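> One structure, pasted below without further comment.
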Amino acid sequence: MAKLLGAVLLALLATLAAALPVQVLAPEQARRDYHEVAPIRAAGHLHLSLPGLSTPAPAPASTHYASTQYASQSAPSYTSDWQSQMLQQLNAIRASVGRPPVSIDQRLNAMAQEHSNYQASAATMTHSDPSGSLGSRCSQYGIDWQGVAENVAWNYKDVTSVVEGWKESPGHYANMIGDYNVVGFGVTDLYWTQDFAKV
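Throughout the sequence shown, residue numbering follows mature numbering (1 follows the signal peptide of the UniProt record, and there is no 0), covering -19 to -1, 1 to 180 in sequence.
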């Protein structure tokens, strides 16, 4: 009986939280982090090494997510004002702890933007993607990576608020100051994505 009551209470709280603005949500409900480290490749399979967990990567999806409105087969050759602002704020955070700056990689920009598009189309904040795991997506974009990480967030109204939100969360902050040298950003309908790589 206690378990049933607890499950009902959790479901009710989740329903109420989904309707509230991000300012009153618990931080872990509005931001998520994820990272993969050097892959172990054997017999054509990708094996992920995650802190405290070692699991095989999901098989790549047979279909590649594409939105007729947002899909792009090639990375854009520009950096928008909001991306420049995010890069500046990210590098200021890195500099404050003695970390070298990261630079924009247009392939990561395209990948992060596609992931934000997918999150918006699914109406959910997630690291899951029909295109495969984070490392698999990087490889699909031609990025020869040694380590990758991803931060996602939803419902932050501007660059400064989402960067501050990530900075205040230990897992996201660790990604922001991690051992990476390139980054890409995406946003669609307030679904934010930061993708990091060490190349």
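Using N, Cα and C, we set each Cβ at its ideal position, and we do this for glycine too. These figures come from a predicted structure and were not determined experimentally.
Please name the residue, chosen from 67, 74, 75, 114, that lies closest to residue 128 on a Cα-to-Cα basis.
114
> Use the C-beta contact count for residue 125: other C-beta atoms within 10 angstroms, 16 or more gives buried, fewer gives exposed.
exposed
> Taking contact to mean 3 or more Cβ pairs, one atom from each stretch, closer than 8 Å, check whether the region 84 to 97 and the region 157 to 165 are in contact.
Judged by Cβ distances under 8 Å, the region 84 to 97 makes contact with the region 157 to 165, as three or more pairs qualify.
> Within 10 angstroms of its Cβ, does residue 160 collect 16 or more other Cβ (buried), or is it exposed?
exposed
> Starting from residue 126, trace the beta strand (DSSP E) in both directions and tell me its first and last residue.
Where residue 126 is concerned, there is no enclosing beta strand (DSSP E), given that its DSSP letter is neither H nor E.
> When the Cα atoms are used, what is the spatial distance from residue 70 to residue 144?
7 Å
> When the Cα of residue 179 is compared with those of 65, 102, 150, 116, which residue comes out closest?
116
> Enumerate, from N- to C-terminal direction, the unbroken alpha helix (DSSP H) stretches of 4 or more residues contained entirely within the region 103 to 149.
115 to 121, 140 to 148
> Using a 10 Å radius around the Cβ and a threshold of 16 neighbouring Cβ atoms, would you call residue 79 buried or exposed?
exposed
> Could you tell me which of 75, 65, 61 sits nearest to residue 148, measuring between CA atoms?
When only C-alpha atoms are compared, the closest one is 75.
> If you follow the alpha helix (DSSP H) that residue 62 is in, where does it begin and where does it stop?
For residue 62, the uninterrupted alpha helix (DSSP H) segment begins and ends at 62 to 77.
> Thinking just about the alpha-carbon of each residue, which of 93, 67, 81 is nearest to the one in residue 122?
93
> Out of 130, 151, 134, 118, which one is the CA nearest neighbour of residue 105?
134
> Under DSSP, the alpha helix (DSSP H) around residue 167 begins and ends at which residues?
It is not in any alpha helix (DSSP H) - residue 167 instead sits in the beta strand (DSSP E) that spans 163 to 169.
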